[in-house]
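Those letters in the sequence shown? Residues -22 to -1, 1 to 89, by mature numbering (1 follows the signal peptide of the UniProt record, and there is no 0). Don't be surprised by glycine CBs; every beta carbon is placed ideally from N, CA and C. These numbers come from a predicted model, not from an experiment.
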Amino acid sequence: MMKNSMILLFVTTVLIVSFVESIPMWRRSDEEDEAASHFSKADDDKDGLVSKDELKKYMKDRDGSGNLSTMNAKLRFGSLDSNGDNVLDFEGMKQKLNVQTTRPHSVGVTF
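Shown next, in the form of structure tokens:
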């Protein structure tokens, strides 16, 4: 009886481990991490939104020259403002930039 219980326990454990290892776990991609970093740096007031002025300031700072034209900032902002509300939110920006959002990785289980 004890031998059968041990065999059943072993087989059940193997099946559970095989199942768990086959489930992809989703996590942020490197591309999404980079986009989140840029968005966070551009969001001066940390309200989760980037205004035209915040984007312009961030782009000037990144350019290094501080000479980014207002028209250039408006064009970039307009192309990223997914719903026309005059602020950028991270999800809308990711969508406009076609940012890869997730990548699977396997869960490793060891005994």
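{"Check": "Rounded C-alpha distance that separates leucine -8 from aspartate 31", "Outcome": "56 Å"}
{"Check": "Leucine -15 burial status per 10 Å Cβ neighbour count (16 or more: buried)", "Outcome": "exposed"}
{"Check": "Local conformation of valine -12 per DSSP, three classes", "Outcome": "helix"}
{"Check": "Boundaries of the beta strand (DSSP E) in which serine 29 is found, first to last residue", "Outcome": "27 to 29"}
{"Check": "Distance CB(residue 95)-CB(leucine 58) smaller than 8 Å", "Outcome": "There is simply no residue 95 to check, as the chain begins at -22 and stops at 89 in what is shown."}
{"Check": "Lysine 34 to valine -6 span [Cα, whole Å]", "Outcome": "51 Å"}
{"Check": "Enclosing alpha helix (DSSP H) for aspartate 11 [first to last residue]", "Outcome": "8 to 20"}
{"Check": "Classification of phenylalanine 17 by the beta-carbon crowding that lies within 10 angstroms, buried from 16 upward", "Outcome": "buried"}
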